[in-house]
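**Q** First the structure, which I've put down as structure tokens, then a few questions once you've had a look.
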């Protein structure tokens, strides 16, 4: 594909140099440029891709996509917004792969990963080939793709060029559906422009990412972009119907319903909804509930814990019913789902108490996890958690207060402190803990996360539940600019193995 054809997707751009130059790939990371690539110069918050243009040229870039001309002896496409242009150019380069399958996007503060896993389980059981992109990684027809190595760490939603590249791989593999987590920052920055969504599922909106969005209103507006772009084509020229699946119990849903031209389907527990759950029961074995839908009603018994997972299940039920599956198929698949990595994941080494590892890293996420545990814990609830460094500081004392309300004992520790002092982060969390009435006999601080987990395991008695929150599936820890291997599940298992009599 030549430069002129790619440039034709962006209005009012200029081409400097030979517009017949052949392009064989697209990259925005100069370290990954190969001969024949178009290198896109993106201006970020902490870097400017234009400063790496010469490195890209040295690696064989055939052309550049820039916002300002750079001193380079290769052709350049000059645009006003390189990130927006990259989404358009990469969609065209990979021949609009999202149009060739059904894409279900899931957005919300919490529950995105679990929702995509639930939908994947149902669709695969029904015989469909699926692809998944999200926080835990990328899977194509059930096979994991090593995106962490390729992209230097998993983001909830990839950059537009990588999204389109993986959409194309999915189609070449014969994928029918792609299930993807859609982060607010990805919507705000335009990463998902050019994606033809069949369904957009909204889970919930609670405090997070205020370091990116400044306020909850801006955060809500960013999520709303997914729904405002959905279903704007009616009639015989429209490729397919589109749907907005909204949580009726979350106030943001009313606004999103008004933004979208897609058909709206609601789900909930408290308010009236198209898909409604009742008779919830949480036990150490999982959660049971009754669901009523426009096509019938049934009981569902899941191996997942908590009311929050009932909400996730309802969104998945709605999304799958819209694809023509029967309620019986959906029920059977949800009951087969064993669990999800780092989502209330048990660590069982034969100990007489329960250890759960969960990704809860927001006030609402921690509240959901601890509230679920309180419903079935026979003994005390011990919480081990920290807050990430260089991220929203305002949620730290709130999470401390949540832990104080729902835990019998709390061990504050490090999460991914990044460039911040772990002790300073714990100071912020401790302020909320103390303000909520947690006395010094109910908590302690251990900055070393491995030591904190070991301490929690040592304190646990038969019937207790230890929740290790914040990192979930992650297998690394970032501190002081260094990334090291760290897996809460492995650390917990080792701590259990060291107990007397193990």
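In full-length UniProt numbering, the protein residues as written are 1 to 502.
The C-beta atom is built at its ideal place from N, Cα and C for all residues, glycine as well.
What number of angstroms, rounded off, separates the C-alpha of residue 491 from the C-alpha of residue 62?
**A** 48 Å
**Q** Which residue from 222, 463, 477 and 231 puts its Cα closest to that of residue 447?
**A** 477
**Q** Excluding the 5 residues preceding and the 5 following residue 264 in the sequence, name in chain order all residues of the same chain whose CB lies nearer than 7 Å to its CB.
**A** 244, 246 and 257
**Q** With a threshold of 6 Å, establish whether the CB of residue 379 neighbours any heavy atom of the ligand GTP.
**A** The ligand content of the structure shown is nil, which means the ligand GTP is not present either.
**Q** Using the beta-carbon count (16 or more within 10 Å), is residue 51 buried or exposed?
**A** exposed
**Q** Check whether the Cβ atoms of residue 113 and residue 134 sit closer than 7 Å, and answer yes or no.
**A** In this structure, residue 134 lies closer than 7 Å to residue 113 by Cβ.
**Q** Applying the criterion that 16 or more other CB atoms from any shown protein chain within 10 Å of the CB defines a buried residue, is residue 435 buried or exposed?
**A** exposed
**Q** On a Cα-Cα basis, can you pick out the residue from 167, 440, 425 and 128 that is closest to residue 399?
**A** 425
**Q** Is DSSP giving residue 63 helix, strand or coil here?
**A** strand
**Q** Taking only runs of the alpha helix (DSSP H) that begin and end inside the segment 73-128, which ones reach a length of at least 4 residues, in chain order?
**A** Listed in chain order, the complete alpha helix (DSSP H) runs (minimum 4 residues) inside the segment 73-128 are 82-93 and 112-125.
**Q** Please list, in chain order, all residues of the same chain as residue 222 whose beta carbon is under 7 Å from its beta carbon, the five residues on each side excluded.
**A** 184, 187, 188 and 213
**Q** By the DSSP assignment, the beta strand (DSSP E) with residue 246 in it spans what residues?
**A** 243-247
**Q** Could you give the C-beta distance for residue 70 and residue 53, rounded to a whole number, given that I count them as a contact under 8 Å?
**A** 5 Å
**Q** On a Cα-Cα basis, can you pick out the residue from 312, 162 and 268 that is closest to residue 293?
**A** 268
**Q** Taking only the alpha-carbon atoms, compute the straight-line gap between residue 417 and residue 66 and give it to the nearest angstrom.
**A** 34 Å
**Q** Would residue 402 and residue 462 qualify as a contact pair, given that the criterion is a beta-carbon distance under 7 Å?
**A** no
**Q** Going by C-alpha to C-alpha distance, which of 9, 224 and 385 sits closest to residue 254?
**A** 224
**Q** If contact is defined by three or more beta carbon pairs under 8 Å, each pair taking one atom from either stretch, is the segment 304-324 in contact with the segment 282-292?
**A** Output reads yes: the segment 304-324 touches the segment 282-292.
**Q** When the distance is taken between beta carbons, is residue 40 closer than 7 Å to residue 503?
**A** The requested residue 503 does not occur in the structure, where the chain is confined to residues 1 to 502.
**Q** Could you check where the alpha helix (DSSP H) with residue 223 kicks off and where it finishes?
**A** 216-228
**Q** Taking a contact to mean a Cβ-Cβ separation below 7 Å, would you say residue 301 touches residue 335 in this structure?
**A** Contact flag set, yes.
**Q** Run the CB neighbour count on residue 271, radius 10 Å, all protein chains shown included, and call it buried at 16 or more, exposed below.
**A** exposed
**Q** Note down, in chain order, each residue of its chain lying with its Cβ closer than 6 Å to the Cβ of residue 445, except the 5 sequence neighbours on either side.
**A** These residues qualify, in order along the chain: 412 and 426.
**Q** Quick one: residues in its chain with C-beta nearer than 7 Å to the C-beta of residue 74, no 5 flanking neighbours on either side, listed in chain order?
**A** 17, 57, 61, 62, 63 and 64
**Q** Please state whether DSSP places residue 263 in a helix, a strand or coil.
**A** If DSSP states are grouped into helix, strand and coil, residue 263 belongs with the strands.
**Q** In chain order, what residues of the same chain have a beta carbon less than 6 Å from the beta carbon of residue 30, not counting five sequence neighbours either side?
**A** 52, 55 and 56
**Q** Count the other C-beta atoms from every protein chain shown that fall within 10 angstroms of the C-beta of residue 410, then say buried if there are 16 or more, exposed otherwise.
**A** Buried, since its Cβ has 16 or more Cβ neighbours within 10 Å.
**Q** Between which two residues does the beta strand (DSSP E) harbouring residue 479 extend?
**A** Start and end: 476-479.
**Q** Can you tell me the Cα-Cα spacing of residue 170 and residue 142, whole angstroms?
**A** Whole-angstrom Cα-Cα distance: 11 Å.
**Q** Just list the residues that DSSP pairs residue 33 with in beta bridges.
**A** Per DSSP, none; premise fails for residue 33.
**Q** Helix, strand or coil for residue 271 per DSSP?
**A** coil
**Q** Look up residue 301 in the DSSP assignment and say whether it is helix, strand or coil.
**A** strand
**Q** What did DSSP end up calling residue 52 once you bin it into helix, strand or coil?
**A** helix
**Q** Please look up how many angstroms separate the CB atoms of residue 198 and residue 104, rounded, as I've assumed it's under 8 Å.
**A** 6 Å
**Q** Do residue 174 and residue 241 have their CB atoms nearer than 7 Å?
**A** no
**Q** Could you pull the start and end residues of the beta strand (DSSP E) that residue 409 belongs to?
**A** Unbroken beta strand (DSSP E) run through residue 409: 409-412.
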